[in-house]
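Asker: Letter 5 of the sequence shown, counting from 1, is numbered 490 in our numbering, and no numbers are missing. Here a beta-carbon is modelled for each residue, glycine too, at the ideal position from N, C-alpha and C. Got a structure for you, questions after.
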Amino acid sequence: MLQSQAASCQSLIGTSCRRIFASRCTSETSSRAFSAAPTRFFNSSAAQKHHSVPRHVDALSASQSSFRGVQFSPLVAIATRRQTAAAQPRAMAPTADLEVFGKAVPFTGQPSARRGDCPFSQRTYLDLEEKKLQYKGTFVQEGENDSKPDWFMKNNPSGLMPVLRDGDQWIQDSDKIFEHLESKFPEPSLKPSDSAKEVGKDIFPKFMGWLQEKDPKAAEKKSDFEAELKSFDQHIKQNGPYIDGDKMTDADLSVSPKLLHARVALKYWYDYEFPAELTAVRDYMHRMEERPSFQKTRPTDDLIIQGWGMKCELKSTPAAAGA
Numbered sequence: 486m487l488q489s490q491a492a493s494c495q496s497l498i499g500t501s502c503r504r505i506f507a508s509r510c511t512s513e514t515s516s517r518a519f520s521a522a523p524t525r526f527f528n529s530s531a532a533q534k535h536h537s538v539p540r541h542v543d544a545l546s547a548s549q550s551s552f553r554g555v556q557f558s559p560l561v562a563i564a565t566r567r568q569t570a571a572a573q574p575r576a577m578a579p580t581a582d583l584e585v586f587g588k589a590v591p592f593t594g595q596p597s598a599r600r601g602d603c604p605f606s607q608r609t610y611l612d613l614e615e616k617k618l619q620y621k622g623t624f625v626q627e628g629e630n631d632s633k634p635d636w637f638m639k640n641n642p643s644g645l646m647p648v649l650r651d652g653d654q655w656i657q658d659s660d661k662i663f664e665h666l667e668s669k670f671p672e673p674s675l676k677p678s679d680s681a682k683e684v685g686k687d688i689f690p691k692f693m694g695w696l697q698e699k700d701p702k703a704a705e706k707k708s709d710f711e712a713e714l715k716s717f718d719q720h721i722k723q724n725g726p727y728i729d730g731d732k733m734t735d736a737d738l739s740v741s742p743k744l745l746h747a748r749v750a751l752k753y754w755y756d757y758e759f760p761a762e763l764t765a766v767r768d769y770m771h772r773m774e775e776r777p778s779f780q781k782t783r784p785t786d787d788l789i790i791q792g793w794g795m796k797c798e799l800k801s802t803p804a805a806a807g808a
């Protein structure tokens, strides 16, 4: 440990500390011992791999320790600080090499640094955030597979997103990604009951079916969507505050992004609002949107509107959509 810590201090204490300590040593032997030690440490293979230490902190430690006349005390001080820092609780848990590939904002590069509006990708981001896992986000443009990067298609031939890369393993589909994360990182558990997995699962397809009609007055499609919304409202009233009761689970992280998309897109394109009497849905979405994980991963309303306009080839104004 002492040798690897010395490596990080070569530029700061190499020459200056030798002079300081050599002048204070009581014998020529002890002076030669200290003078030779840093060179041996700094040239070791372990030292070359070690990370640097903040300069202003260690320069001060070297200076203060030399006045105490304690040989090698700057290195001990550094080691102590490193050990103390390592013992402090972290905001995010240490993880394997995790990278998520999700939808990018349109026309921002391939790959892009800007996260898009996909609700399935948001579910995966939410799972990672709620489990306090560190990860990298890489965002890829939707569209034809031949427009996507070769390295992406090589590891994900379907071209679909989201995709999780865990080391050398690539996992497609948000359901399978959650199962992988829950198995490998079981705490905190986000696993819902089997019955909870079924709640609200038809809201999104009914919403899509109505929007793809390009007609806000399509009575049958509207009725199908509202029936699912009312069923969800009733479930939350009887079993809430979350889908699986008192505990928030992956079921909520799957349904809430889809409810967000439905609310925002239908309001803009069809001038439709969720019925006011569905108070449980309203309160449920408020709870979910207040969570830090949701706020961090939430797409803007403009991105949601733009995304559905492009996907469904909707006209540029809500009024024109029903014309």
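#1: At which residue ranges does the stretch 716-796 contain complete alpha helix (DSSP H) runs of 4 or more residues, listed in the order of the chain?
#2: Expressed to the nearest angstrom, what Euclidean distance is found between the alpha-carbon atoms of residue 527 and residue 624?
#3: Just the C-alpha distance for residue 648 and residue 699, rounded to the nearest angstrom, thanks.
#4: Tell me whether the beta-carbon of residue 763 lies closer than 8 Å to the beta-carbon of residue 718.
#5: So for residue 706, helix, strand or coil by DSSP?
#6: When burial is assigned at 16 or more other CB atoms within 10 Å of the CB, is residue 747 buried or exposed?
#7: Straight-line CA distance for residue 621 to residue 777?
#8: DSSP three-state label for residue 799, please.
#9: So the alpha helix (DSSP H) residue 650 belongs to, where does it begin and stop?
#10: By how many angstroms is the C-alpha of residue 800 removed from the C-alpha of residue 484?
#11: I'd like to check one pair, residue 770 with residue 739: are the Cβ atoms closer than 8 Å?
#12: Determine whether the beta carbon atoms of residue 713 and residue 688 lie at a separation below 8 Å.
#13: Nearest chain B C-beta to residue 739 closer than 8 Å, yes or no?
#14: Under 8 Å, do residue 725 and residue 706 count as touching if we go by C-beta distance?
#15: Taking just the CA atoms, how far does residue 650 sit from residue 715?
#16: Quick one, are the C-beta atoms of residue 731 and residue 675 less than 8 Å apart?
#17: Return helix, strand or coil for residue 713, following the three-state DSSP convention.
#18: Can you tell me which residues form a DSSP beta bridge with residue 645?
#19: Could you give the first and the last residue of the continuous alpha helix (DSSP H) run that contains residue 694?
#20: If we ignore side chains and look at the alpha-carbon of each, how far apart do residue 737 and residue 639 end up?
#21: I need the DSSP call for residue 674, collapsed to helix, strand or coil.
#22: Taking residue 681 as the reference, give the member of 661, 728 and 609 with the closest Cα.
#23: For a test of the three-state rule: what should DSSP assign to residue 547, helix, strand or coil?
#24: Can you pull the DSSP bridge partners for residue 597?
#25: Indicate whether residue 626 and residue 604 have their beta-carbon atoms separated by less than 8 Å.
#26: From this set, 656, 588, 798 and 593, which residue's C-alpha is nearest residue 754's C-alpha?
#27: I'd like the list of long-range same chain contacts for residue 655, defined as Cβ closer than 8 Å, with 5 residues on each side in sequence excluded.
#28: Can you tell me where the alpha helix (DSSP H) with residue 583 in it begins and where it stops?
#29: Using 8 Å as the threshold, is the C-beta distance between residue 749 and residue 721 below it?
Answerer: By the coordinates alone:
#1: 735-755, 764-774, 777-782 and 786-796
#2: Since pLDDT at residue 527 reaches only 34, below the 50 mark, its modelled position is unreliable, and the value read off the structure follows with that caveat. Each residue's Cα considered, the two are about 41 Å apart.
#3: 31 Å
#4: yes
#5: helix
#6: buried
#7: 18 Å
#8: coil
#9: It is not in any alpha helix (DSSP H) - residue 650 instead sits in the beta strand (DSSP E) that spans 648-651.
#10: Nothing about residue 484 can be reported from this structure: the residues present for the chain run from 486 to 808 only.
#11: no
#12: yes
#13: Among the chains in the structure shown there is no chain B, since it carries only a single protein chain.
#14: no
#15: 38 Å
#16: no
#17: helix
#18: Beta-bridge pairing links residue 645 to no other residue.
#19: 688-697
#20: 32 Å
#21: coil
#22: 728
#23: Here residue 547 scores only 39 on pLDDT, less than 50, and its place in the model is too uncertain to base an answer on.
#24: 624
#25: no
#26: 798
#27: 640, 641, 648 and 649
#28: Segment 583-588 is the beta strand (DSSP E) holding residue 583; no alpha helix (DSSP H) there.
#29: no
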